[in-house]
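Notes follow the structure.
Laid out in structure tokens, this is it:
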């Protein structure tokens, strides 16, 4: 699980990697932590906006976010994942 943040929209998670997302064009956005270049991210299947990805942070102490994805907690469902099926390599 990623780092947890509290944003003006509520609880969010910061991930190194996320899949099944569609990315918007880059936008210049002023946030609580400063000015950032971001792309909104939406679900690949239903097109619901889930958060954003940081492309560039103008503040040096915020650069650790670059390339990382913020997802809104209220829009993310946690699951146990899928059960792995053992592979029979006796062939």
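Numbering (UniProt numbering), first residue to last: 1 to 91.
For every residue, glycine included, the Cβ atom is placed at its ideal position computed from N, Cα and C.
Buried versus exposed call for residue 74 [16 or more other C-beta atoms within 10 Å across all chains shown]: exposed
Nearest candidate by alpha-carbon position, reference residue 47, set 35, 34, 30, 21: 21
Taking the runs of the beta strand (DSSP E) that are 3 residues or longer, which of them lie wholly in the UniProt domain "Yippee" (1-80)? 3-7, 10-15, 21-23, 27-31, 34-43, 49-57, 69-72
Distance between beta carbons of residue 25 and residue 39, contact taken as under 8 Å: 7 Å
Note down, in chain order, each residue of its chain lying with its Cβ closer than 6 Å to the Cβ of residue 36, except the 5 sequence neighbours on either side. 29, 54, 57
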